[in-house]
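To start, the structure under review is shown below, and the notes come after it.
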Amino acid sequence: MSKELQVRLIQAGTLNADNFPDGVDLIVTAHSHDFIGERTRLRARLGGIGYHPSLLPMHRGRDAVQWTVRMGDKVSGGTVYKLSNQMDGGDILLQQHVLINPKTCTAASLWREKLAPLGVRLIGQAVAQIAEAGSVVGERQDESLATWEPSIDRPPAFRPDLMLLSY
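Here the sequence shown is numbered in the working numbering, starting from 1 and rising by one per residue.
Spelled out as structure tokens, the structure:
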């Protein structure tokens, strides 16, 4: 059975529950600096997934690539995770590591040569798995290993939706 894919692109910094299109199955973000709030995620049948350029739960935050290089890491990677109410904190769907030479690597070269192409592959694999399973299933992140790296020179993340309150 083949299902036709329709992809709608929405400019960063503009997506919220009030302007979210109808009939969306899955939100897909890649190295996004916007937080997709719960009200918005609930508008998509399967919620959302994102690609983060680190081995989550390590190097959460907007400047993960820069912090990887600054800290002299020899191993990094990419993670596709389920979007949640915690920035970069949702369940891990797919993850793969890459090796880094900290003596020659820059943030730009690491992103361009390794982490961006890895993200394209992992997102494609994740979407295929979700399409086959009909659901988004991942493994909880180990919070005892989590690190949060502050933004180096960026404003706070765009957060248009307030989290829903449970009664």
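Glycine included, every Cβ here is placed at the ideal spot set by N, Cα and C.
Using a 10 angstroms sphere on the CB of Asp73, the tally of other CB atoms reaches 16 or more, which defines it as buried. Close CB contacts of Ile130 within its chain, under the 7 Å cut and outside five residues either way in sequence, are with Leu26, Leu46 and Val136 (chain order). Look at Ile49 here: in three-state DSSP terms it is strand.
Counting along the chain, the unbroken alpha helix (DSSP H) around Ser109 starts and ends at Ala107 to Leu110.
Close CB contacts of Thr29 within its chain, under the 6 Å cut and outside five residues either way in sequence, are with Gly50 (chain order). Linking Ile152 to Arg60 through their CA atoms gives a straight-line distance of about 13 Å. Within the same chain, and ignoring the five residues on either side of Trp111 in sequence, the residues whose Cβ sits closer than 7 Å to its Cβ are Pro53 and Val65. Judged by DSSP secondary structure, Ala64 falls within the alpha helix (DSSP H) whose first and last residues are Ala64 to Arg70.
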